[in-house]
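Have a look at the structure below, then the notes.
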Amino acid sequence: MQTLTEQDRGNIGRAAAPVLSVKNLQVHYTAESGDVTAVDGVSFDIGAGEVFGLAGESGCGKSTIANAVMRLLQTPAKITGGSIELNGRNLLDLGEEELRRTRWRDVAMVFQSAMNSLNPVMTIGDQIVDVFTTHERMPKKAARERAAELLKLVDISPDRLKSYPHQLSGGMRQRAVIAIALALKPSLLIMDEPTTALDVVVQQEIMHQIKELQQQLGFSILFITHDISLMVELSHRMAVMYAGKLVEVAPSKDMLENPLHPYTHALMGAFPPLTGPRVELTGIPDAPPNMAHPPTGCRFHPRCPLAIDACRTIEPLLLPGAENHDAACLLVPEYVVPSERSSR
Amino acid sequence: MVFLLRRLGFYVIAFWACITLNFFLPRLMPGDPVSRMFSQVQSQMRPDQVDALRRLFGLDDRPLWEQYFTYIGKIFRGDMGISLSRFPAPVSEVIGSQIGWTLLLGGTSLAIAVVLGNFLGVLAAWRRGKFLDSVFPPLLIFVGSFPYFWLAMAALYLFGITLGWLPLNHAFSTGLSASFSLKYIGDVAAHLILPALTIVLVSIGGWMLGMRNTMIATTAEDYITMARAKGLRPARIMFQYAARNAMLPSVTSFGMSLGFVVGGALLTETVFAYPGIGYQLLTSVQALDYPLTQGIFLTITAAVLAANFLVDIIYVRLDPRVRVS
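Those protein sequences? They're chains A and B, same order as listed.
Anchor point for the first sequence: position 291 equals 292 in this note's numbering, and the numbering is continuous, going up by one each time.
Anchor point for the second sequence: position 12 equals 1031 in this note's numbering, and the numbering is continuous, going up by one each time.
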């Protein structure tokens, strides 16, 4: 795994216009027991060629964000506010047909379960080919050749084109899905826990491959996982999400070395480090909040070891806590720099 | 291929079991057809006549196993014995004269009900909660839950008598003889409409509902979400990704129904005086015509087995996962 220089980190995501810009995104689920706010005012940018990680416990809303960006949310989920700009175009304004054309061409997605994201009655080849025939009106034969190239890109032999999903191993299936995702060279790839269903060895292989492909092709990645160590390894910048809100955003290295938010602290303590000495793992007490009735003030306060009285009533905003490092916690003093950040 | 051979082996064994049952069941019953005929005629039958009849029906005093092999040999030559009620017509001839009409009526109505029902089911599930989905299933189930004979007679009264659009009974007009002329085919088609329509009406709801339900489960699968994310056209997702997977259980039920087509549609045949196996079976049972009853049962069994084998073949083509197991 290649490590980035400090300069790289500084450049990434800062230069030029962002590929993806999510602003104040609100997603609600309508339930009989009342509305649930799954994503509450989330904003983040992903720069060209940047790998942006989104971490958090199950149910915190990270997959909802992924599906919102793909506009795949179906009732009872509904995007109720904010904007999602992809290469300067607000995806929320697109009509059905425009949306269909944009999907996969500009933004592709690798789903959580490789086993189930391929159609069991179609060959791998046909499932790649239909991307080309639909989006590029490519003749079948040419599309098949492109499909063979794509499979080679992820180290699958081209004669697997005629295989059905059940004839491939879990790792191969997930690589095939990645190949399909890269078919049209999208500028953004969303990966929603791409390796959760795989064993650790295969997981490492795939992560390595994703990293290589990313450097080779230069697409941006929105990488979603609850596995912090995996995320730190892969992503340039990352955000930690709790109960529908971002609680901390920072370059991965800074986040790892100097987490500001108590929740991030706790998350880091809950995962074994891949290298270095053994450390005692600590869990986070209690369960994530019921999103139908989220806690007042800071949503993490009932589980927070450092909570003060003010946490119960005052909702903390996501503010700079250090250089390039935002956190939403009352205990983190605001970091003020005289640059563009001071305008916030 | 191995899978199909294994299935074929299974069906051969099943068929053998049927023939064997068919052979032994009547022989376990008291009496025999000849004594029955003897009592029916209620008149003098000379002992040599009785003997001749016994030989004709394959009833003799040979050991059971010998009779059994003779019976199996005869079955494979298509010789199912002599009908009692239609004496001296052979059973195969009696069945042969009716089965064409049964296949025509049953095949047509099944094909229409399956194709149309499944298509409606696919559309309803795809636009879940919209017009088609909220109106059609209850309506069709409502129509389907009428007693069939009532529905058939109502249709007959409305279209046949009151409006006079369609013929009242039989498979073709009296006076016409079978030929490949347009007139004859048109006449047969006109006679087919009402019986087939009523069968379609009562059976289509089940097909639609079955397909709708599997289809709804299928549309929740991850590969459908991925297909949508891929930016495929909705029609392609609906048919190639969703319906293509949802149709698998439907194919199984189709196979079952296909086999039972051969059994005929008793009520339809009765209401519309349409020729067919169903009515034939009823009369043969009433007349205690064992050879004919047995022959019809055997034909139905063979048809069910053959239809199931056909479905196995189709299934292997449709679902690649079956090929390995």
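Note that beta-carbon positions come from the ideal geometry of N, C-alpha and C, so glycine has one too.
Best match in the options for proximity to residue i [C-alpha to C-alpha]
i, options, result
"A:G48", "A:G219, A:I129, A:G57", "A:G219"
"A:V201", "A:G171, A:I285, A:R313", "A:G171"
"A:D160", "A:T135, A:H136, A:G126, A:V178", "A:G126"
"B:Y1298", "B:E1288, B:R1252, B:E1240", "B:E1288"
"B:F1316", "B:P1214, B:Q1259, B:I1038, B:P1186", "B:I1038"
"A:L189", "A:N88, A:Q27, A:G82, A:L235", "A:N88"
"A:V108", "A:G284, A:I191, A:E150", "A:I191"
"B:M1056", "B:M1048, B:R1073, B:M1245, B:L1044", "B:R1073"
"A:G35", "A:A323, A:L319, A:H294", "A:H294"
"A:N291", "A:G245, A:I309, A:I315, A:C312", "A:G245"
"B:T1237", "B:P1268, B:P1109, B:L1216", "B:P1268"
"A:L65", "A:R145, A:H266, A:V52, A:V37", "The sequence given here places Thr at residue 65 of chain A; Leu does not occur at that position. The candidate whose alpha carbon is nearest that of A:T65 is A:V37."
"A:G322", "A:L26, A:P263, A:A288", "A:P263"
"B:L1217", "B:A1284, B:S1272, B:S1111, B:V1304", "Contrary to the premise, residue 1217 of chain B reads as Thr rather than Leu in this sequence. With distances taken between Cα atoms, B:T1217 lies closest to B:A1284."
"A:T31", "A:V40, A:V23, A:N25, A:K24", "A:V40"
"A:A18", "A:Q27, A:N25, A:V28, A:G50", "A:G50"
"A:V28", "A:G60, A:G83, A:L320, A:T135", "A:G83"
"B:R1252", "A:E97, A:T81, A:R90", "A:E97"
"A:W105", "A:V70, A:L93, A:Q113", "A:V70"
Closer than 8 Å to chain B by CB, residue i
i, result
"A:L169", "no"
"A:L73", "yes"
"A:T31", "no"
"A:M110", "yes"
"A:S221", "no"
"A:V122", "yes"
"A:H136", "yes"
"A:L162", "no"
"A:D94", "no"
"A:D131", "yes"
"A:R279", "no"
"A:R300", "no"
"A:G14", "Summary for A:G14: the model assigns pLDDT 43, below 50, so the residue's position carries little reliability, and this model does not support an answer."
"A:N88", "no"
"A:L119", "yes"
For residue j and residue i, the rounded distance between their alpha carbons
i, j, result
"A:F133", "B:A1262", "22 Å"
"B:F1168", "A:A78", "48 Å"
"A:N117", "B:A1254", "21 Å"
"A:A329", "A:Y336", "12 Å"
"B:N1137", "B:G1274", "14 Å"
"A:G62", "A:L332", "24 Å"
"A:Q75", "B:V1113", "60 Å"
"B:Q1259", "B:P1339", "14 Å"
"B:F1191", "B:D1067", "44 Å"
"A:I285", "A:V233", "20 Å"
"A:L307", "A:F301", "10 Å"
"A:K153", "A:L169", "15 Å"
"B:K1202", "B:A1209", "11 Å"
"B:F1034", "B:T1320", "8 Å"
"B:A1292", "B:L1175", "11 Å"
"B:T1089", "B:G1278", "27 Å"
Residue-chain proximity (residue i, chain A), Cβ-Cβ < 8 Å
i, result
"B:N1264", "yes"
"B:T1244", "yes"
"B:L1251", "yes"
"B:D1331", "no"
"B:Y1334", "no"
"B:P1339", "yes"
"B:R1247", "yes"
Host beta strand (DSSP E) of residue i (start-end)
i, result
"B:Y1176", "Here B:Y1176 belongs to no beta strand (DSSP E), and DSSP marks it neither H nor E."
"A:T226", "221-226"
"A:G83", "78-87"
"A:S44", "35-47"
"A:N25", "21-32"
"A:D327", "326-328"
"A:L247", "246-252"
8 Å contact criterion, which residue i and residue j should meet: CB distance rounded
i, j, result
"A:C299", "A:P317", "5 Å"
"B:W1226", "B:A1132", "6 Å"
"A:D255", "A:I225", "At roughly 20 Å, the Cβ-Cβ gap does not stay under 8 Å, so A:D255 and A:I225 are not in contact."
"A:V111", "A:V178", "5 Å"
"B:N1188", "A:P121", "With 8 Å as the limit, B:N1188 and A:P121 do not qualify as a contact, their Cβ atoms being about 49 Å apart."
"A:M173", "A:I229", "Not really, about 27 Å apart at Cβ, beyond 8 Å."
"A:F53", "A:S236", "6 Å"
Delimiting residues of the alpha helix (DSSP H) encompassing residue i
i, result
"A:M208", "201-218"
"B:R1147", "First-last for B:R1147: undefined, no H or E at that position."
"A:I309", "Where A:I309 is concerned, there is no enclosing alpha helix (DSSP H), given that its DSSP letter is neither H nor E."
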